[in-house]
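K.L.:
Take a look at this one; I'll ask things after.
Numbering (this note's numbering), first residue to last: 925 to 2104.
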C-alpha cells in the first residue's frame, strides 16, 4: 500500500516537473528539510535499509520536483530492491530528462536496461555517454565488458580501445591494465601487451611472490612475439593478482562500488541552487556531524589513548589503529580495525602488534616503499617500527633498523629530507631531537648532529614539515614547550640551517600543537599553533618566502577560543567549499552547550574564521584527539575523536558532499624508477578550478580538495618530492596520478635540417655534469669532475643538407638544466661510400684519450649473441636499426637493472693483426638523487660494464675493468682488443647492471684509411631565442626517449635555475673559442646555428658525413645537484672542482667583466613557475 501511494504521488510530481530542467532556487526552510531527507536517505542506503531510503528520497522529490538527483537516487534504491526494476526505470528515465547528458545518471539507466535484459539499449545509452563525456571511467569499462564478451574480432578491437582510454585516464588501475594486456594478446598486439606488462611492473608496489615466475615468463614470451603461450602465463599472473586488495580496489573504481550492481548514488544537486546564506549559516544548514560509532563496530572501544587512520590493507577504506592504556593495571593493548565498506572489524589477534608500555603517539607511512602503510609507535618504554607485510600482519623490525629511540619521545614524522626518494624519520623528544636517514635497505642512520637538527636539550611538543619557503625542499618547524621553537631551513646535501630568528614565528604562550595548511589559498603553507593555556592561539600567515606574520584578524571573531585549553588541531575542508576549516580539540571551560571540547571554525574564504561548532553533536566533553578522514568514502571528511571517556568516536559528515570534491592519490613508480616515495609524501599538489586555487603538501595517501559548486577541476599540478612537475588536465573525481617516468635532466638536444625538415640528431654535452653527486667518500659527497665536454659527436650525412648555401642546426635546452655553451664547430668528413667512419663516443672520466676517427670497410658480425639466460639476441645487434636488445629486468632504480651479460662469438679471429670492438647503443641513466640514494644503501651498487674473455682454465677473466658507457642516446663505443684475448677463443662477455640497450655490435680489423678529407667549419651565425619544449615519446621500454621538433608546448615547464642568463639575440662571438665566455641557456631556449656550406664537390662514389664539436658545461636542476637551484657559481676552464675548490674563482679580468655586462643581462626567477597554476585559466 505504501509503494502505491508513493507511486501515485510521484506521477503527480512528474506532471508538475515535466520540462523543468533549468536551475531552481528555493527558500531556506524548504532547503533545510530537503537536506535532512537527503542525508537520511544516504544514511539508510549505507545501512541497506532500502524502504526507509526510498521514503526519504520520495520526500526529497516532493520538496524539489525539478531536481534530477532525487529521482536518480530513488532509482538507485530501486535497483538494489527486489522486484522494483519497473519503478527504477520510471525514476531514472525522468532523471535523465531533467539532467540531459549527465553521465552518472545515464550509467544507472544503462544498468537498469541491462538488468531488464535490454542490453542493446544499454549499449546505446553508454555509447552516447562516451561521446558526450569521453573520460567517464564507469561507462568506458562497462562498454569494454560488453564487447570483451563477444567472439567477433571487431568487438574485441573496440574493447581494447576502450581499455586504452581507461588507462590513459586512470593509469594506476591495475585491473584495467591487466584486462588490456589480455585483449592486446588476444588481438595479436604483442608489442603493446609487452609495453603494458612493463608498465604494470612499475606501478605495482611489488609483484606478489608467487607471481614473479609467471610474470617473467609472460614478459619473455611477449618479447619473442609468442602470443599463444604468453596468454597462458598472463592469465596465471592475472589470477594471482586478483586476490590482492589493491586489485579488488581497482575493480571497485571501474564499477563504482563493490556490490553486485555497478554504479553509485548522486551526492550533488544537478538542477537546484541552494538559497543564498552567509558561509557560516550555509555550513550549519548543510553539514551536520552524526556520531555513528556504535553502528559501525566501534562502540565497545574504551581506554583509548591513540587512534590513527590509514588504509593498511589497501582496500580503499580507512582502517584504524587504536591503542588502549589502563591506568589501573598500567597495561596497554593495541588494535587494528579494518574498514570494509564503512563497517569495522577487529583483526588484532592476527596482526602481530602487541607490546608493553604506554603508547604516546603513532603515525603511518610507507618507510620501505613497498606500497603498504607501516606503523611507527612512540612508547614511554620502547618505541617500535612495525612493517606492514601487505598480508594483514605487522612485523616489529625496530631492532634491525638501527633506530635508537629515546624513552622520552613526544612526536615524530616521516619526510624525505635528502630528496632522494625514501622517507626519513624525525623524532621530537623531551631532550635533543633525532633525525634518522633512511638507507633504502631497511636500516636508518642517525644524522642529527651532522644535519644540524638536534636542537637544544628542551622538551619538544610537536613538529611540522613542509616546503615553507617554496624552494622545492622540505623544512622543519619544531614546537618547543619551554624555550624558543625552532625553524630549520633545508639547505640540501643533507644540511639544515637554524634561521628561527629571521622567520617571524614569535609565538608567546604554552605551545602544545602545531598544524600546517594553506588556509588563505595563496599557495604557501601557514601554521596554526594551539596554546595549552588557552590564551594565545595563533594563525601564522606565510608571506611566501618562508617568513611568517601573525594573522590576528583570522581568529578575531572567535570568542569561544578564549580560555579554551587546546591539545590538538587539524586543518580540513569539511564542507568542500575549497577552503580549509579548522578543528581544535581540548578542554572546555564554559557551560554553554556549544562549549564542548571540540571547536569547529569555518573558513569564510577571505582568511577569517567563524564559529560553526553547532554542526557538531552536543556535549562532546573533553576531547583528547581529533583527526579527519573520509571514513565512508562518500566524498567528505569525517571526524575521528577520542573523548574524555577514552572512547573512539566517528562523527560522520552529513552534507559536506553537496559540494563537489576531488581526491588525489599519488603513485610513485617503483621498479626501474624509484625517484619518489610510493605515496608521494612531501610532494606539492596544486588544483585550479575556475577562479579557485588550492594547494596541499602531501602527508597522507589521499589529498582531499573541495571544489564548491564547480563541476570539475581544470588542472592538477603535482610537484613531486624530487622536484619534477606533472600536469593533469580535467581530472576524475577520484584521480590517481601515477608518476610519469621522464628524463628531467639528460642533455641538450641537437637537430639538423635534412633537406625536408628538422630531425633529431642526438643529445650533447654529455661529458659534463656540474655538481653531480657520485657517492660519498670519507663521509663527504663526491662530485663529478669539473672538466668541460670537449667532445665530438657523429652526425650522419643523411641528416644534414644545405639550405640556401648553409647547414642549419638547432641546439635546444628542453630539460631541467642549464648549459654553458662555449665553443662549437661542424666538422665535415668526406670519404668513399665503401667506408664507414666512427668516433669513440664512450663516457669515460678524464684524462680523455686522443681524438681519433676510425674508418671501417669490413665488419665482422657476431656468429652468435646471447644473454645470461641463453636468449638469442643476434638478430638485435646485426644492424644499426633501432631494434635494441630488450632482455633486461629492471631493478629498483632507473638506470640500474639486474646483473646481465651479453655474450657474443665472432668465430676465429686469429688471422687479424688488430681487433677493434664497436658497440652501438644507448644508456638510460640514473640521476643525481638516485646516486645519493644508492650511495647510502648497502644492497644496491652500480657495476660499470666490464669486458671478459676466456682464459686458459676455460673461465671468464676480466681484461677491461671499466668500459665506460654510451654518452646518452645512440652512441658508438670503440675498444682496441688487440692482445686482449688470452687463448684462441674469441668469445667476449660484457657484464654490467647498468641500463644499456645495444643496437649494433661488430668487430673490425682495419680501422685506418687515408682516403678521408676533413674540413672544420666555424659557425657563421648563432641566434639565441625562446622556443619551448618538444613532445617526447619512446617506441617501447627498450627504446630511448626521442623529441619531436614540430610538436611543441610553450610556457613554464620546470622550476628554472635562478640567476642571470645570456640575453636573446646574436651570440656568435661567444661560440668561436673555448674561453669561458659562453652562452648561458635556460630551459626552453634554442640557438639557431648556421654554417657556410661552400665545400668542394664530392668525388665520384664518395659521401659526406659530419661531426659536431661542442665544448662547455651542463648543470641540471636536480635537488641533489650542488648549486642546482642557481646559475652561479659559473664554471670556467681550469677550475679544480665543482663546487669550487678553496682557490677557485671565476675570472674577473676586464674583458670578462665586459662580457658579463654586455651579454649576461637576462634575469630569471622562480616566480613564473610558482604562479603557473595560480594564474592558469582553462579558457587560455
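A virtual CB, placed ideally from N, CA and C, is assigned to each residue, including glycine.
From residue 1943 to residue 1589, what distance separates their C-alpha atoms?
P.N.:
Numbered from its first residue, the chain shown carries residue 1943 at position 1019. Numbered from its first residue, the chain shown carries residue 1589 at position 665. Rounded to the nearest angstrom, the two C-alpha atoms are 50 Å apart.
K.L.:
Are the CB atoms of residue 1737 and residue 1968 within a distance shorter than 7 Å?
P.N.:
As a working note, residue 1968 is residue 1044 in the chain shown. As a working note, residue 1737 is residue 813 in the chain shown. Contact: no.
K.L.:
Can you have a look at residue 2089 and say buried or exposed, based on whether 16 or more other CB atoms are within 10 angstroms of its CB?
P.N.:
Your numbering for residue 2089 matches position 1165 in the chain shown. Exposed, by the Cβ-count rule.
K.L.:
To which residues of the same chain is residue 2095 closer than 6 Å at the C-beta, ignoring the five residues directly before and after it?
P.N.:
Your numbering for residue 2095 matches position 1171 in the chain shown. Taken in chain order, the list of residues that qualify is empty.
K.L.:
Would residue 1637 and residue 1582 qualify as a contact pair, given that the criterion is a beta-carbon distance under 7 Å?
P.N.:
Reading the chain shown from its first residue, position 713 is the one you call residue 1637. Reading the chain shown from its first residue, position 658 is the one you call residue 1582. The answer is no: Cβ separation not under 7 Å.
K.L.:
I'd like to know whether the C-beta atoms of residue 1808 and residue 1896 end up nearer to each other than 7 Å.
P.N.:
If you number the chain shown from 1, residue 1808 lands on position 884. If you number the chain shown from 1, residue 1896 lands on position 972. It is not a contact, given that the beta carbons lie outside the stated cut-off.
K.L.:
Can residue 1402 and residue 1410 be called in contact, C-beta distance under 7 Å?
P.N.:
One-based indexing of the chain shown puts residue 1402 at position 478. One-based indexing of the chain shown puts residue 1410 at position 486. Closer than 7 Å, so yes.
K.L.:
Enumerate, from N- to C-terminal direction, the unbroken beta strand (DSSP E) stretches of 3 or more residues contained entirely within the stretch 1893-1959.
P.N.:
DSSP runs (the beta strand (DSSP E)) wholly in the stretch 1893-1959: 1895-1900, 1911-1918, 1920-1928, 1937-1941, 1945-1950, 1953-1957.
K.L.:
What is the DSSP secondary structure of residue 1666, counted as helix, strand or coil?
P.N.:
By one-based count along the chain shown, residue 1666 stands at place 742. Residue state, collapsed to three classes: coil.
K.L.:
Taking the straight line between their C-alpha atoms, what separation do you get for residue 1724 and residue 1673?
P.N.:
The sequence position of residue 1724 within the chain shown is 800, counting from 1. The sequence position of residue 1673 within the chain shown is 749, counting from 1. Roughly 15 Å separates the two Cα atoms.
K.L.:
Cα separation between residue 1534 and residue 1497?
P.N.:
Counting from 1 along the chain shown, the entry for residue 1534 is found at position 610. Counting from 1 along the chain shown, the entry for residue 1497 is found at position 573. Roughly 14 Å separates the two Cα atoms.
K.L.:
Between which two residues does the alpha helix (DSSP H) carrying residue 1431 extend?
P.N.:
Working through the chain shown from its first residue, we reach residue 1431 at position 507. Here residue 1431 belongs to no alpha helix (DSSP H), and DSSP marks it neither H nor E.
K.L.:
What number of angstroms, rounded off, separates the C-alpha of residue 1382 from the C-alpha of residue 1436?
P.N.:
The residue you call residue 1382 lines up with position 458 of the chain shown. The residue you call residue 1436 lines up with position 512 of the chain shown. Going by the C-alpha atoms only, they are around 14 Å apart.
K.L.:
Just mark residue 1149 as buried or exposed, buried being the case when its beta carbon has 16 or more other beta carbons within 10 Å.
P.N.:
Position 225 of the chain shown, counted from the start, is the residue given in the question as residue 1149. Residue 1149 comes out exposed.
K.L.:
Taking the Cβ atom as the reference point for each residue, do residue 1418 and residue 1342 lie within a distance shorter than 7 Å?
P.N.:
Within the chain shown, the letter at position 494 stands for residue 1418. Within the chain shown, the letter at position 418 stands for residue 1342. Against a cut-off of 7 Å, the Cβ pair of residue 1342 and residue 1418 comes out as a contact.
K.L.:
Grab me the residues of residue 1656's own chain with a C-beta within less than 8 Å of its C-beta, minus the 5 sequence neighbours each way, in chain order.
P.N.:
In the chain shown, the residue the question calls residue 1656 occupies position 732. Only 1059, 1061, 1093, 1094 meet the Cβ criterion.
K.L.:
If we call anything under 7 Å between Cβ atoms a contact, is residue 1926 one with residue 1785?
P.N.:
Position 1002 of the chain shown, counting from 1, holds the residue named residue 1926. Position 861 of the chain shown, counting from 1, holds the residue named residue 1785. A contact, by the Cβ cut-off of 7 Å.
K.L.:
For the beta strand (DSSP E) that residue 1093 lies in, which residues bound it at each end?
P.N.:
Reading the chain shown from its first residue, position 169 is the one you call residue 1093. Per DSSP, residue 1093 belongs to no beta strand (DSSP E); it is in the alpha helix (DSSP H), 1077-1093.
K.L.:
So for residue 1697, helix, strand or coil by DSSP?
P.N.:
Locating residue 1697 in the chain shown gives position 773, counting from the first residue. Three-state DSSP puts residue 1697 in a strand.
K.L.:
Can you tell me which of the three DSSP states residue 943 falls into?
P.N.:
Numbered from its first residue, the chain shown carries residue 943 at position 19. With a pLDDT of only 46 at residue 943, under 50, the local geometry of the prediction cannot be trusted, and no value is derived from it.
K.L.:
Is residue 1407 buried or exposed, if buried means 16 or more other CB atoms sit within 10 Å of its CB?
P.N.:
Here residue 1407 is taken as the residue at index 483 of the chain shown, counted from 1. By the 10 Å Cβ count, residue 1407 comes out exposed.
K.L.:
Alpha carbon to alpha carbon, what distance is there between residue 1996 and residue 2059?
P.N.:
Along the chain shown, read from residue 1 onward, the residue named residue 2059 stands at position 1135. Along the chain shown, read from residue 1 onward, the residue named residue 1996 stands at position 1072. One C-alpha to the other measures close to 21 Å.
K.L.:
Could you pull the start and end residues of the alpha helix (DSSP H) that residue 1043 belongs to?
P.N.:
If you number the chain shown from 1, residue 1043 lands on position 119. Residue 1043 -> alpha helix (DSSP H) spans 1043-1056.
K.L.:
Check residue 1273 in the structure and name its three-state DSSP category.
P.N.:
As a first step, residue 1273 must be located in the chain shown, where it is residue number 349. Residue 1273 falls in the helix class under three-state DSSP.
K.L.:
Below 7 Å between beta carbons: does that hold for residue 910 and residue 1233?
P.N.:
The shown model of the chain, from 925 to 2104, leaves out residue 910, and the question about it has no answer.
K.L.:
Of the choices 1727, 1050, 1107, whose alpha-carbon is the least far from that of residue 1075?
P.N.:
In the chain shown, counting from the first residue as 1, residue 1075 sits at position 151. When only C-alpha atoms are compared, the closest one is 1107.
K.L.:
When the Cα of residue 1733 is compared with those of 2081, 1356, 1947, 1529, which residue comes out closest?
P.N.:
By one-based count along the chain shown, residue 1733 stands at place 809. Checked all of 2081, 1356, 1947, 1529; the closest Cα to residue 1733 is 1947.
K.L.:
Can you name the residues that DSSP bridges to residue 2145?
P.N.:
No answer is possible for residue 2145: the residues shown for the chain start at 925 and end at 2104.
K.L.:
If you reduce the DSSP assignment to three classes, tell me which class residue 1846 lands in.
P.N.:
Reading the chain shown from its first residue, position 922 is the one you call residue 1846. DSSP places residue 1846 in strand when its eight states are reduced to three.
K.L.:
DSSP three-state call for residue 1783: helix, strand or coil?
P.N.:
Locating residue 1783 in the chain shown gives position 859, where the first residue counts as 1. It is coil, neither helix nor strand.
K.L.:
Is residue 1329 helix, strand or coil when you go by DSSP?
P.N.:
Along the chain shown, read from residue 1 onward, the residue named residue 1329 stands at position 405. In the structure shown, residue 1329 sits in coil (DSSP, three-state: anything other than H, G, I, E or B).
K.L.:
Exposed or buried, residue 1143, counting other C-beta atoms within 10 Å across all chains shown (16 or more means buried)?
P.N.:
Here residue 1143 refers to the residue found at position 219 of the chain shown. Counting Cβ neighbours within 10 Å, residue 1143 comes out buried, since at least 16 surround it.
K.L.:
For residue 1136, name the three-state secondary structure that DSSP assigns.
P.N.:
Mapped onto the chain shown, residue 1136 falls at position 212. Of the three classes helix, strand and coil, the one that applies to residue 1136 here is helix, per DSSP.
K.L.:
Among all the DSSP beta bridges, which residues are the ones paired with residue 1619?
P.N.:
The residue given as residue 1619 occupies position 695 in the chain shown. Answer is 1610, bridged to residue 1619.
K.L.:
Alpha carbon to alpha carbon, how far is residue 1853 from residue 1866?
P.N.:
Here the question's residue 1853 lines up with position 929 in the chain shown. Here the question's residue 1866 lines up with position 942 in the chain shown. Cα-Cα distance, rounded: 14 Å.
K.L.:
Our contact map puts residue 1593 next to residue 1543 with C-beta atoms below 8 Å; I'd like the distance itself, whole angstroms only.
P.N.:
Taking the chain shown and counting its residues from 1, the one referred to as residue 1593 is at position 669. Taking the chain shown and counting its residues from 1, the one referred to as residue 1543 is at position 619. Their Cβ separation, rounded to whole angstroms, is 50 Å, which puts residue 1593 and residue 1543 out of contact at 8 Å.
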